[in-house]
Structures are given as C-alpha cells and as structure tokens.
C-alpha cells in the first residue's frame with residue numbers, strides 16, 4: 001500500500017489542525033495567569049500550524065471534507081474565540097462593554113470563515129481572484145487583535161496603546177477588516193523568480209534571527225507591515241480587474257504590461273520644432289516681375305530636394 005493511502009499518513013493533517021486549536025485555546029489560560037508572552041506565543045503557534053496543515057494535506061493527497069470543516073472550526077476557536085477571551089481576561093474584565101466587543105470580534109471571525117468556505121465553491125470569480133483573500137485572513141486578524149497585548153508584553157508596562165477604549169476600538173477595526181471585502185495578498189500563489197531565491201533565503205534567516213532575539217517587537221513590526229500592504233493589495237486588485245490580458249501572464253510580462261499602461265497615461269515628449277519646420281514645403285508661387293524674391297534662407301527653412 002502506498003504512503004498516500006496509508007490511514008496514519010492521512011490522519012497527520014487533521015492532527016496538526018487539532019494541535020493548532022489546542023495551541024490557540026491555550027492562550028486564554030496564559031492570559032488568566034497573566035503570562036502575556038505565553039498567550040501571544042500560543043496564538044502565533046496556532047497560526048504557524050494552520051499554515052502547515054493545508055499544505056501537508058495537499059502534498060500527501062489527504063484532503064477531505066472533514067479536514068476542511070475541522071480546519072474552519074479550529075480557526076474559529078484559535079483566531080476568533082481565543083484572542084477575544086485573551087484580551088477580555090487581560091484588560092476588559094471590569095468593563096461591561098468589553099464583553100460585548102469580545103463577542104462581536106468572535107462573531108465577525110466566524111462569519112469571515114463561513115464566507116471563505118462559500119467562496120471556495122464559487123466558480124464565477126475571475127482567474128486572478130485566487131491571488132487574493134477577501135478581507136484579512138483569520139490568522140492575521142487574530143494576531144492583529146493582540147497587537148496592544150504584544151506591545152505591553154515587550155515594553156513591560158501599559159502605555160497609551162493599552163487604554164481600554166483604544167483596545168476596544170482596535171478590536172472593532174480588526175473585526176471590520178476581517179469581514180470586509182477589502183482584498184489582501186495571498187502567499188499561497190506567490191511565485192518567486194530564480195534570481196530572488198538567494199536574497200529571500202537571506203531575508204528569512206534575518207527574520208528568524210530577529211524573532212529569536214526580539215520575538216515580541218518583531219511580531220509587532222510584522223503586523224504593522226501587514227497593515228501597510230493593504231493599500232497596495234487594493235491597487236493591484238483594481239489594476240488586474242481592468243487588464244484581463246494580464247490575468248494569465250507571468251510576473252515579468254505583467255510588469256511589462258504595467259509599464260505600457262503607464263506610458264499610455266503619460267504625455268508624449270514634444271517633437272523637435274526646428275526639425276519639423278525644416279520639413280515644411282512652401283507652395284510655389286510665381287514671383288511678380290520687380291517684386292521681392294522669396295528666400296528660403298531668410299525663412300530659415302531648407303528647401304526640399306524634390307523641388
């Protein structure tokens with residue numbers, strides 16, 4: 001029996017999904033014990049495991065409907081319920097509105113995942129839609145919601161970012177991004193050119209070193225950079241929607257199409273007026289006897305040879 005049909009191997013992606021759910025829910029326990037770095041690490045671990053289970057399932061040819069449903073439930077727990085309860089246990093317990101915000105965040109995350117499942121079966125989407133997520137993905141939204149907690153854990157005190165009102169507003173904004181239709185880039189379909197492989201590996205090594213030495217502030221910077229990429233994702237989505245010829249083109253051809261489109265919008269450089277004047281042909285007119293003779297040199301024009 002081949003490895004792809006071995007029951008134990010087919011169980012591996014689902015086991016990773018269950019581990020991701022356990023890691024995400026463990027963040028609540030860490031928050032109750034006031035272990036802020038542990039709560040952040042639990043959600044980050046759940047995000048890493050969530051990115052692995054689907055890829056491993058496709059590599060092992062072990063995808064199933066049960067695995068897809070289990071993955072959605074695990075994401076709802078790890079990135080919807082867990083961050084909401086973590087922030088509530090950390091800083092919103094003495095505020096009645098805090099529980100309402102926590103419920104709102106969890107509900108928005110569940111709705112975002114439900115919409116994601118329905119879009120998987122939608123065949124009316126354009127071909128380039130697979131390069132984007134609709135709204136902020138669940139793992140990114142869960143980590144973004146914990147940004148005030150991450151800054152507090154790094155600096156060791158509750159600054160202006162830990163104000164209760166700001167934390168609740170931040171949770172509402174992240175929830176709105178999750179359920180919105182704002183396009184965000186998907187790394188699942190990203191293609192790396194051969195020349196960029198070595199610099200990318202160096203960047204990965206530098207990122208790993210930064211995470212090991214400064215894990216919390218590195219995570220906070222990564223979340224801020226992720227937010228900054230959203231305007232570019234919106235621009236790229238709108239550009240692709242207006243250029244069907246670039247839907248199936250490789251990255252190099254897309255860049256060429258983008259340059260051509262920019263040239264069409266720009267102004268053409270002015271022509272050489274002197275050169276254009278030299279090519280002007282004056283009509284021949286008979287010169288009256290005794291009248292002034294027309295001089296080509298006086299007009300600063302070069303007479304055409306055909307004349």
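Residue numbers (full-length UniProt numbering): 1 to 307. We treat Cβ as the ideally placed atom computed from N, Cα and C, and that holds for glycine.
{"Query": "Given 8 Å, three or more beta-carbon pairs between the stretch 199-216 and the stretch 162-174", "Result": "no"}
{"Query": "Extent of the continuous alpha helix (DSSP H) run through residue 363", "Result": "It is not possible to answer for residue 363, since the shown part of the chain is limited to 1 through 307."}
{"Query": "Minimum C-alpha distance to residue 113 - residue among 63, 256, 78 and 146", "Result": "78"}
{"Query": "Distance, residue 61 Cα to residue 3 Cα", "Result": "Because residue 3 carries a pLDDT of 46, less than 50, the predicted location of this residue cannot be relied on, and no value is offered for it."}
{"Query": "Classification of residue 166 by the beta-carbon crowding that lies within 10 angstroms, buried from 16 upward", "Result": "exposed"}
{"Query": "Proximity below 8 Å, CB of residue 13 to CB of residue 40", "Result": "no"}
{"Query": "Residue 183, DSSP secondary structure in three states", "Result": "strand"}
{"Query": "DSSP beta-bridge partners of residue 134", "Result": "183"}
{"Query": "Span separating the alpha-carbon of residue 247 from that of residue 233", "Result": "15 Å"}
{"Query": "Extent of the continuous alpha helix (DSSP H) to which residue 55 belongs", "Result": "36-59"}
{"Query": "Segment contact, 8 Å Cβ cut-off, at least three pairs: the stretch 152-159 with the stretch 195-202", "Result": "no"}
{"Query": "First and last residue of the uninterrupted alpha helix (DSSP H) at residue 309", "Result": "Outside the shown range of the chain (1 to 307) lies residue 309, about which nothing can therefore be said."}
{"Query": "Cβ shell of residue 95 (< 7 Å), same chain only, five flanking positions each side left out", "Result": "164"}
{"Query": "7 Å CB neighbourhood of residue 257 in its chain, flanking five on each side removed", "Result": "243, 245, 246 and 249"}
{"Query": "Whole-angstrom distance between residue 117 and residue 103, CA atom to CA atom", "Result": "21 Å"}
{"Query": "Residue 21, buried or exposed, once every other Cβ within 10 Å from all chains shown has been counted against 16", "Result": "buried"}
{"Query": "Cβ-Cβ distance between residue 43 and residue 68 below 8 Å", "Result": "no"}
{"Query": "Given residue 345 as reference, the closest of 225, 32 and 50 once Cα atoms are compared", "Result": "The displayed coordinates of the chain run from 1 to 307. Any statement about residue 345 would go beyond what the structure contains."}
{"Query": "From 50, 252 and 107, residue whose alpha carbon lies closest to that of residue 191", "Result": "252"}
{"Query": "Reference residue 308, options 240, 261 and 260, closest by Cα", "Result": "It is not possible to answer for residue 308, since the shown part of the chain is limited to 1 through 307."}
{"Query": "Of the listed residues 181, 145 and 52, nearest to residue 115 (C-alpha basis)", "Result": "181"}
{"Query": "Same chain only: Cβ atoms within 7 Å of residue 230, ignoring 5 sequence neighbours per side", "Result": "182 and 184"}
{"Query": "Range of the contiguous alpha helix (DSSP H) that encloses residue 238", "Result": "230-242"}
{"Query": "For residue 126 and residue 16, the rounded distance between their alpha carbons", "Result": "32 Å"}
{"Query": "Cβ shell of residue 49 (< 8 Å), same chain only, five flanking positions each side left out", "Result": "16, 17, 19, 20 and 23"}
{"Query": "Residue 163 - DSSP class collapsed to helix/strand/coil", "Result": "coil"}
{"Query": "Start and end residues, alpha helix (DSSP H) containing residue 202", "Result": "197-213"}
{"Query": "Cα-Cα separation between residue 54 and residue 63, rounded to whole angstroms", "Result": "8 Å"}
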